[in-house]
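Comments concern the structure below.
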Amino acid sequence: MTEEPESPHPRRARPAPSTRVRMSAAQRREQLITIGRQLFAERGYDGTSVEEVAARSKVSKPVVYEHFGGKEGLYAVVVDREVRALLERITAALTAGDPRELLEQAALALLDYIEAEPHGFQVLTARQAPVLAPAGTFSTVMNDVAHQVEHILGAEFRVRDLDPKLAELYSQALVGMVALVGQWWREARKPKKETVAAHLVNLAWNGLSHLEARPGLITRKTR
(Lines of atoms letter the chains of each structure in order from A and count residues from 1; the text may use other names and numbers.)
(Lines give C-alpha, C1' and ligand atoms only; values in the text may rest on other atoms or scores of the structure.)
Protein backbone atom coordinates (compact mmCIF):
# COMPACT_ATOMS: atom_id res chain seq x y z
CA MET A 1 0.00 0.00 0.00
CA THR A 2 1.46 3.29 -1.08
CA GLU A 3 1.60 5.99 1.57
CA GLU A 4 0.44 9.45 0.56
CA PRO A 5 3.21 12.01 0.71
CA GLU A 6 2.99 14.54 3.52
CA SER A 7 1.67 17.88 2.44
CA PRO A 8 4.22 20.71 2.59
CA HIS A 9 1.49 22.81 4.13
CA PRO A 10 0.03 20.85 7.05
CA ARG A 11 -3.60 21.57 7.80
CA ARG A 12 -3.97 24.00 10.67
CA ALA A 13 -6.35 23.21 13.49
CA ARG A 14 -9.43 25.36 13.46
CA PRO A 15 -9.63 27.75 16.39
CA ALA A 16 -12.15 26.75 19.01
CA PRO A 17 -15.37 28.71 18.78
CA SER A 18 -15.55 31.65 21.20
CA THR A 19 -17.44 30.91 24.40
CA ARG A 20 -17.64 34.55 25.44
CA VAL A 21 -21.22 35.49 26.17
CA ARG A 22 -22.29 38.93 25.08
CA MET A 23 -23.78 41.00 27.89
CA SER A 24 -27.29 42.32 27.61
CA ALA A 25 -27.80 46.08 27.89
CA ALA A 26 -29.03 45.66 31.47
CA GLN A 27 -26.03 43.53 32.45
CA ARG A 28 -23.61 45.98 30.87
CA ARG A 29 -25.25 48.86 32.74
CA GLU A 30 -24.86 47.01 36.05
CA GLN A 31 -21.23 46.29 35.27
CA LEU A 32 -20.53 49.95 34.55
CA ILE A 33 -22.25 51.01 37.78
CA THR A 34 -20.22 48.52 39.82
CA ILE A 35 -16.93 49.61 38.30
CA GLY A 36 -17.85 53.29 38.50
CA ARG A 37 -18.72 52.88 42.19
CA GLN A 38 -15.33 51.34 42.88
CA LEU A 39 -13.45 54.02 40.98
CA PHE A 40 -15.34 56.89 42.61
CA ALA A 41 -14.55 55.36 45.99
CA GLU A 42 -10.86 54.87 45.18
CA ARG A 43 -10.14 58.13 43.36
CA GLY A 44 -13.01 60.47 44.07
CA TYR A 45 -15.21 62.17 41.52
CA ASP A 46 -12.50 64.43 40.08
CA GLY A 47 -9.97 61.61 39.84
CA THR A 48 -12.28 59.31 37.90
CA SER A 49 -12.58 59.49 34.12
CA VAL A 50 -14.89 57.95 31.56
CA GLU A 51 -11.77 56.53 29.88
CA GLU A 52 -10.86 54.50 32.96
CA VAL A 53 -14.41 53.31 33.55
CA ALA A 54 -14.48 52.10 29.96
CA ALA A 55 -11.04 50.51 30.19
CA ARG A 56 -11.85 48.54 33.34
CA SER A 57 -15.14 47.46 31.83
CA LYS A 58 -13.38 46.46 28.58
CA VAL A 59 -15.71 48.55 26.47
CA SER A 60 -15.33 51.70 24.40
CA LYS A 61 -16.06 55.17 25.77
CA PRO A 62 -19.21 55.56 23.65
CA VAL A 63 -20.77 52.65 25.56
CA VAL A 64 -20.46 54.58 28.82
CA TYR A 65 -21.92 57.70 27.21
CA GLU A 66 -24.74 55.64 25.72
CA HIS A 67 -25.83 54.38 29.15
CA PHE A 68 -25.23 57.45 31.32
CA GLY A 69 -24.49 60.45 29.12
CA GLY A 70 -21.10 60.92 30.79
CA LYS A 71 -19.33 60.78 34.13
CA GLU A 72 -21.89 63.02 35.83
CA GLY A 73 -24.74 60.70 34.91
CA LEU A 74 -22.89 57.62 36.11
CA TYR A 75 -22.00 59.30 39.39
CA ALA A 76 -25.60 60.38 39.94
CA VAL A 77 -26.83 56.79 39.53
CA VAL A 78 -24.15 55.42 41.86
CA VAL A 79 -24.92 57.94 44.62
CA ASP A 80 -28.67 57.60 44.23
CA ARG A 81 -28.46 53.84 44.66
CA GLU A 82 -26.17 54.13 47.66
CA VAL A 83 -28.39 56.68 49.39
CA ARG A 84 -31.44 54.48 48.97
CA ALA A 85 -29.62 51.35 50.11
CA LEU A 86 -28.36 53.01 53.29
CA LEU A 87 -31.71 54.57 54.12
CA GLU A 88 -33.50 51.25 53.58
CA ARG A 89 -30.98 49.48 55.80
CA ILE A 90 -31.40 51.94 58.66
CA THR A 91 -35.18 52.16 58.30
CA ALA A 92 -35.48 48.36 58.35
CA ALA A 93 -33.36 48.22 61.51
CA LEU A 94 -35.63 50.55 63.50
CA THR A 95 -38.04 47.94 64.81
CA ALA A 96 -37.86 48.30 68.59
CA GLY A 97 -40.38 50.18 70.67
CA ASP A 98 -37.99 51.33 73.36
CA PRO A 99 -36.12 54.61 72.55
CA ARG A 100 -32.78 53.31 73.82
CA GLU A 101 -33.07 50.16 71.72
CA LEU A 102 -33.97 52.28 68.67
CA LEU A 103 -30.82 54.33 69.20
CA GLU A 104 -28.78 51.13 69.38
CA GLN A 105 -30.37 49.82 66.21
CA ALA A 106 -29.68 53.03 64.28
CA ALA A 107 -26.03 53.12 65.39
CA LEU A 108 -25.48 49.45 64.58
CA ALA A 109 -27.20 49.73 61.21
CA LEU A 110 -24.86 52.53 60.14
CA LEU A 111 -21.77 50.71 61.40
CA ASP A 112 -22.92 47.50 59.70
CA TYR A 113 -23.27 49.41 56.43
CA ILE A 114 -19.81 50.98 56.77
CA GLU A 115 -18.31 47.55 57.40
CA ALA A 116 -20.17 45.80 54.58
CA GLU A 117 -20.07 48.57 51.98
CA PRO A 118 -16.83 50.56 52.41
CA HIS A 119 -16.85 51.71 48.76
CA GLY A 120 -20.43 52.90 49.02
CA PHE A 121 -19.77 54.81 52.22
CA GLN A 122 -16.65 56.40 50.72
CA VAL A 123 -18.67 57.58 47.72
CA LEU A 124 -21.37 59.11 49.96
CA THR A 125 -18.97 60.96 52.22
CA ALA A 126 -16.50 62.22 49.58
CA ARG A 127 -16.20 65.97 50.16
CA GLN A 128 -15.16 66.94 46.65
CA ALA A 129 -18.10 65.24 44.97
CA PRO A 130 -20.81 67.40 43.42
CA VAL A 131 -24.42 66.92 44.45
CA LEU A 132 -25.86 65.33 41.34
CA ALA A 133 -27.96 62.41 42.54
CA PRO A 134 -31.73 62.81 42.81
CA ALA A 135 -31.73 61.22 46.27
CA GLY A 136 -29.03 63.57 47.54
CA THR A 137 -26.00 62.62 49.63
CA PHE A 138 -25.02 61.07 52.94
CA SER A 139 -26.35 64.21 54.65
CA THR A 140 -29.72 63.58 53.01
CA VAL A 141 -29.87 60.08 54.46
CA MET A 142 -28.94 61.32 57.91
CA ASN A 143 -31.61 64.03 57.72
CA ASP A 144 -34.21 61.42 56.77
CA VAL A 145 -33.16 59.27 59.72
CA ALA A 146 -33.21 62.32 62.00
CA HIS A 147 -36.82 63.02 61.01
CA GLN A 148 -37.77 59.48 62.01
CA VAL A 149 -35.94 59.85 65.33
CA GLU A 150 -37.64 63.23 65.84
CA HIS A 151 -41.09 61.62 65.92
CA ILE A 152 -39.88 59.03 68.43
CA LEU A 153 -38.27 61.65 70.65
CA GLY A 154 -41.30 63.92 70.42
CA ALA A 155 -43.53 61.21 71.88
CA GLU A 156 -40.96 60.46 74.58
CA PHE A 157 -40.63 64.14 75.47
CA ARG A 158 -44.39 64.44 75.96
CA VAL A 159 -44.38 61.49 78.34
CA ARG A 160 -41.60 63.13 80.34
CA ASP A 161 -43.22 66.60 80.29
CA LEU A 162 -40.44 68.01 78.12
CA ASP A 163 -40.97 70.47 75.27
CA PRO A 164 -41.67 68.35 72.15
CA LYS A 165 -40.53 71.25 69.98
CA LEU A 166 -36.96 70.43 71.03
CA ALA A 167 -37.23 66.93 69.60
CA GLU A 168 -35.91 68.12 66.24
CA LEU A 169 -32.79 69.62 67.84
CA TYR A 170 -32.06 66.48 69.82
CA SER A 171 -32.68 64.18 66.86
CA GLN A 172 -30.20 66.11 64.71
CA ALA A 173 -27.66 66.00 67.55
CA LEU A 174 -28.03 62.25 68.08
CA VAL A 175 -27.93 61.29 64.41
CA GLY A 176 -25.08 63.71 63.71
CA MET A 177 -23.05 62.19 66.53
CA VAL A 178 -23.55 58.66 65.19
CA ALA A 179 -22.72 59.75 61.63
CA LEU A 180 -19.47 61.50 62.57
CA VAL A 181 -18.32 58.63 64.75
CA GLY A 182 -19.14 56.29 61.88
CA GLN A 183 -16.90 58.29 59.55
CA TRP A 184 -14.08 58.12 62.10
CA TRP A 185 -14.57 54.38 62.66
CA ARG A 186 -14.37 53.72 58.91
CA GLU A 187 -10.67 54.61 59.12
CA ALA A 188 -9.86 53.41 62.64
CA ARG A 189 -11.79 50.10 62.54
CA LYS A 190 -11.29 49.65 66.26
CA PRO A 191 -12.68 48.99 68.75
CA LYS A 192 -15.31 46.47 67.59
CA LYS A 193 -18.44 48.02 66.10
CA GLU A 194 -20.60 46.65 68.92
CA THR A 195 -18.33 48.39 71.41
CA VAL A 196 -18.49 51.63 69.42
CA ALA A 197 -22.28 51.45 69.31
CA ALA A 198 -22.46 50.73 73.05
CA HIS A 199 -20.38 53.79 73.88
CA LEU A 200 -22.37 55.97 71.49
CA VAL A 201 -25.58 54.94 73.23
CA ASN A 202 -23.90 55.37 76.60
CA LEU A 203 -23.12 58.99 75.85
CA ALA A 204 -26.42 59.74 74.15
CA TRP A 205 -28.62 57.98 76.71
CA ASN A 206 -26.81 58.58 80.00
CA GLY A 207 -25.05 61.85 79.29
CA LEU A 208 -21.56 62.75 80.42
CA SER A 209 -22.66 63.06 84.04
CA HIS A 210 -24.04 59.50 84.18
CA LEU A 211 -21.68 57.48 81.98
CA GLU A 212 -21.53 53.77 82.71
CA ALA A 213 -18.03 52.40 83.25
CA ARG A 214 -18.64 49.31 81.10
CA PRO A 215 -21.60 49.98 78.79
CA GLY A 216 -23.22 47.13 76.90
CA LEU A 217 -25.91 46.68 74.27
CA ILE A 218 -29.43 45.44 74.83
CA THR A 219 -30.13 44.40 71.24
CA ARG A 220 -26.76 42.78 70.49
CA LYS A 221 -24.04 41.47 72.76
CA THR A 222 -20.76 43.39 72.82
CA ARG A 223 -17.93 41.14 71.70
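Just so we're aligned: 131 in UniProt numbering is position 131 of the sequence shown, and the numbers increase by one with no gaps anywhere. Even glycine gets a Cβ: it sits at the ideal position worked out from N, Cα and C.
- Bounds of the alpha helix (DSSP H) holding I35 are 25-43.
- The C-beta separation of T140 from V83 comes to about 6 Å, placing the pair in contact by the 8 Å criterion.
- Counted as a single uninterrupted DSSP element, the alpha helix (DSSP H) harbouring L180 occupies residues 167-188.
- E187 is the residue among P215, A25, E187 whose C-alpha sits nearest the C-alpha of P118.
- In this structure, the alpha-carbon of E66 lies about 10 Å from that of A25.
- Secondary structure at A213: coil, using DSSP grouped into helix, strand and coil.
- When DSSP states are grouped into helix, strand and coil, L162 belongs to the coil group.
- Contact check between the region 167-186 and the region 142-153: three or more CB pairs, one atom from each, fall below 8 Å, which counts as touching.
- Taking the Cα of R189 as reference, the smallest distance to any Cα among E42, D161, D112, V53 is reached at D112.
- Exclusion of the five residues before and after W205 leaves R100 as the residues of its chain whose Cβ lies within less than 6 Å of its Cβ.
- When DSSP states are grouped into helix, strand and coil, I114 belongs to the helix group.
- Looking at G70, R29, P164, M177, the one whose alpha-carbon comes closest to that of Y45 is G70.
- In this structure, L86 lies near F121, with their beta-carbon atoms less than 9 Å apart.
- In the structure shown, T140 adopts helical secondary structure according to DSSP, grouped into three states.
- Between V78 and R37 the beta-carbon gap is near 5 Å, inside 8 Å, which marks them as a contact.
- Nearest Cα to K192 within the set G176, A213, L217: L217.
- For the pair A155 and L108, the Cα-to-Cα distance works out to about 23 Å.
- With respect to the 9 Å criterion, A179 and L110 are classified as neighbours on the basis of their beta carbons.
- In the three-state reduction of the DSSP assignment, L124 falls in the helix class, which pools H, G and I.
- Approximately 12 Å separates the beta-carbon atoms of E115 and A197; this is outside 8 Å, ruling out the contact.
- Here the alpha carbon of T219 sits roughly 21 Å from the alpha carbon of G176.
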